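Below is one structure, written out as structure tokens; comments come after it.
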Amino acid sequence: MGTKQKPTGIKRIYLAAGHSLRAFKWLIANEAAFKQEFWLSVLLVVGCLFFPFSLFEYVFLWCALLFVLLAEIFNTAIEAVVDRIGAEIHPLSGLAKDLGSLAVMVSVIIATLIWAGVFIQHLSL
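Our numbering puts the first residue of the sequence shown at 441, with every later residue one more than the last.
This is the structure:
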């Protein structure tokens, strides 16, 4: 292995942020599901600002949306790794992709329940 030292400190953080930004741009350009979930999240964040929620409720609602995006990022990463391994059909490859999809679906259900709970609580007050 090479003896090249990895960056540390601020330089490491700067480089990591660059990699993250590159990944985000790729997701927006190439993953329809992520793009839809991202723009829906933006609309929901802006829309909920018109309601008199507490700071905790805003943070809770926004974290629920970030959880969906995080699940979609992991799902896309799983799909990329499976596709990289090979193009042949294998039950475990399909299972890995299905489990990633299930994680996204569960995150959407959780986010929906959180959003519904917060809004229902305010409607009943």
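Glycine included, each C-beta is placed from N, C-alpha and C at the ideal position. Note that the coordinates shown come from a computational prediction; the quantities given were computed from them, not determined experimentally.
Item	Value
What are the start and end residues of the alpha helix (DSSP H) that includes residue 464?	449-470
Relative to the C-alpha of residue 494, which candidate in 558, 564 and 563 has its C-alpha closest?	558
For residue 480, is the classification buried or exposed, using 16 other Cβ atoms within 10 angstroms of its Cβ as the cut-off for buried?	exposed
How close, in whole Å, do the beta carbons of residue 505 and residue 485 come, if the pair is a contact with beta carbons under 8 angstroms?	7 angstroms
If contact is defined by three or more beta carbon pairs under 8 angstroms, each pair taking one atom from either stretch, is the segment 453-473 in contact with the segment 523-531?	no
Since residue 551 contacts residue 508 with CB under 8 angstroms, what's their CB separation in whole angstroms?	5 angstroms
Is it buried or exposed, residue 449, if we count other Cβ atoms within 10 angstroms and call 16 or more buried?	exposed
Would you report the Cα separation of residue 466 and residue 564, rounded to the nearest angstrom?	42 angstroms
Starting from the N-terminal side, write out each stretch of the alpha helix (DSSP H) that is 4 residues or longer and does not extend beyond the segment 489-546.	495-525
Near residue 446, what residues of its chain come up, given a Cβ to Cβ distance below 8 angstroms and the 5 sequence neighbours on each side ignored?	452
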